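In what follows, a single structure is set out as C-alpha cells and then discussed.
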Amino acid sequence: MKAITSIFALVAGLALGAAAQPAWAQWQVAKLVASDAAAGDDFGISVSIDGDFAIVGAWMDDDAGPNAGAAYIFQRDPGGTVWNEIRELTPPVPPPVVLYFGYSVSISGDTAIVGRYGTDAGSAYIHERNQGGENNWGLVATLTAAGPYFGHSVSLSGDLALVGAHGYNNNSGAAYIFGRHEGGENHWGLVTTLTALDAASWDEFGFSVAISGDTALVGAWLDDDAGGNSGAAYIFQPDPDFPPPFWGQVAKLVADDPAADDR
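Using my numbering, the letters of the sequence shown map in sequence onto residues 434 to 696.
In C-alpha cells, the structure reads:
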C-alpha cells in the first residue's frame with residue numbers, strides 16, 4: 434500500500450510540474466543570427482513571425498552604409514526545427530537619405546513591411562515574396578505620410594498595413610492605415626489616418642501599433658489620464674455608421690492599476 438501511495442505521489446508531482454511548466458515552454462528550437470553578423474548591428478531590435486516565415490530587424494547594420502539598417506527573413510524547413518536565412522533586405526536608398534531601416538518589422542503571409550523612422554520624416558517599405566525571383570522578397574511599395582517618426586512602428590495583416598508616427602502634431606501622434614489595391618491594383622494607398630479622440634500633446638499615440646483583420650490597436654505610452662506618463666492604448670474598427678474608409682475609435686484601454694510613469 435505504501436509503495437502504491439508513493440507511486441501516486443510521484444505521478445501527481447510530475448503532473449503538477451508539467452502543469453507549472455508547459456512542455457512547449459521548455460524547448461528552444463532555434464537561435465537566429467545574421468549570416469553576416471557584426472558588432473553594433475543591433476540584430477533583434479524588432480521581430481515578427483507568421484507561419485513558416487520570420488523577419489528580424491537590425492537597424493544599425495552597415496551593409497548598405499553607416500547605420501543604414503537591414504532586415505533578415507528566415508524560413509522554417511519542412512522538418513520544423515531549422516530556420517534558414519533566405520533574404521537580407523536593405524534600404525533602396527543609401528545613407529544619409531535612409532537610416533535605421535529595420536527599426537520596426539512585421540510579416541503576414543507573403544508580405545513583409547520594414548519601417549525606419551526620422552525626426553523630420555520616415556518611411557515604411559512593403560516587400561513581397563517571389564517579387565523579382567523565387568524567394569526574392571522584392572520591394573513593391575514605399576509608404577510615407579506627414580509626421581515625425583513615421584515608421585517607428587509597423588504592423589501587417591493580410592491586405593492592410595498600420596504605421597505609427599508618434600511625433601505627429603506636437604507629439605500627440607497618429608497612425609496610418611494603408612491598403613493593398615487602394616487606388617489601383619496592387620497599389621498600397623492610404624486608407625485612413627487614426628488619431629485619439631482625446632489627443633493631447635506628448636501622448637505619443639502611435640509609438641506602438643498592431644493590426645489583425647479589421648481591428649487596429651495603437652499605443653500611446655505617454656498618455657496622462659491616470660497620472661503623468663501612465664499610458665494607454667486605443668482600439669479602432671471600421672464604423673458602419675459612416676461611409677468607408679472611416680475607422681472609429683471603439684475603446685480606450687488602460688491598466689486596472691494605472692500609475693504615473695507606468696508607460
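Just so it is clear, CB atoms sit at the ideal spot from N, CA and C, and this is done for glycine as well. Please read all numbers here as calculations on a predicted model, not as lab measurements.
Local conformation of residue i per DSSP, three classes
| i | result |
| --- | --- |
| Asn563 | coil |
| Asn517 | strand |
| Tyr582 | coil |
| Tyr601 | helix |
| Phe611 | strand |
| Lys685 | strand |
| Tyr533 | coil |
| Trp701 | Residue 701 lies beyond the residue range present for the chain, which begins at 434 and ends at 696; the question has no answer from this structure. |
| Gln670 | strand |
| Ser479 | strand |
| Gly622 | strand |
| Leu630 | coil |
| Gln508 | strand |
Sequence-distant residues of the same chain with beta carbon closer than 7 Å to residue i, five excluded per side
| i | result |
| --- | --- |
| Glu637 | His599, Asn604, Gly606, Ala653, Trp654, Leu655 |
| Gly624 | Correcting the residue type first, residue 624 is Val in the shown sequence and not Gly. For Val624, where only same-chain residues beyond five positions count, the Cβ hits under 7 Å are Ile610, Phe611, Gly612, Glu615, Pro678. |
| Gln459 | none |
| Lys385 | In this structure the chain extends from 434 to 696, so residue 385 is not present and cannot be described. |
Exposure label - residue i; buried when at least 16 CB within 10 Å
| i | result |
| --- | --- |
| Trp621 | buried |
| Pro499 | exposed |
| Asp690 | exposed |
| Thr628 | buried |
| Phe675 | exposed |
| Asp429 | The structure shown has nothing for residue 429, since the chain only spans 434 to 696. |
| Ala472 | exposed |
| Ser586 | buried |
| Ser634 | exposed |
Cutoff 6 Å; reference residue i; Cβ partners in own chain excluding five residues on either side
| i | result |
| --- | --- |
| Ser481 | Ile488, Val538, Ser539, Ile540 |
| Ile519 | Ile506, Gln508, Asn568 |
| Ser468 | Glu518 |
Check whether residue i and residue j have beta carbons under 8 Å apart
| i | j | result |
| --- | --- | --- |
| Ser556 | Leu532 | no |
| Val515 | Ala470 | no |
| Ala502 | Asp510 | Here residue 502 turns out to be Gly, not Ala, going by the sequence shown. It is not a contact, given that the beta carbons lie outside the stated cut-off. |
| Val466 | Ala504 | no |
| Ala659 | Leu650 | no |
| Phe476 | Ala491 | yes |
| Thr544 | Leu589 | yes |
| His560 | Leu595 | no |
| Phe534 | Gly597 | no |
| Asp631 | Ser663 | no |
| Thr552 | Pro581 | yes |
| Gly425 | Tyr550 | Because the chain spans 434 through 696 in this model, residue 425 falls outside it and cannot be assessed. |
| Ala688 | Gly661 | no |
| Asp647 | Pro671 | yes |
| Gly542 | Asp483 | yes |
Sequence-distant residues of its chain with Cβ nearer than 8 Å to residue i (five each side left out)
| i | result |
| --- | --- |
| Gln564 | Trp570, Gly571, Leu572, Val573 |
| Thr438 | Only weak support exists for where Thr438 lies, its pLDDT of 45 falling under 50; the value from the coordinates is given anyway. Contacts found: none. |
| Pro525 | Val531, Tyr558, Leu572, Thr575 |
| Pro527 | Ala497, Gly498, Ala501 |
Under 8 Å, with one C-beta from each stretch per pair, do the stretch 574 to 588 and the stretch 673 to 683 reach the 3-pair mark? No, the stretch 574 to 588 is not in contact with the stretch 673 to 683.
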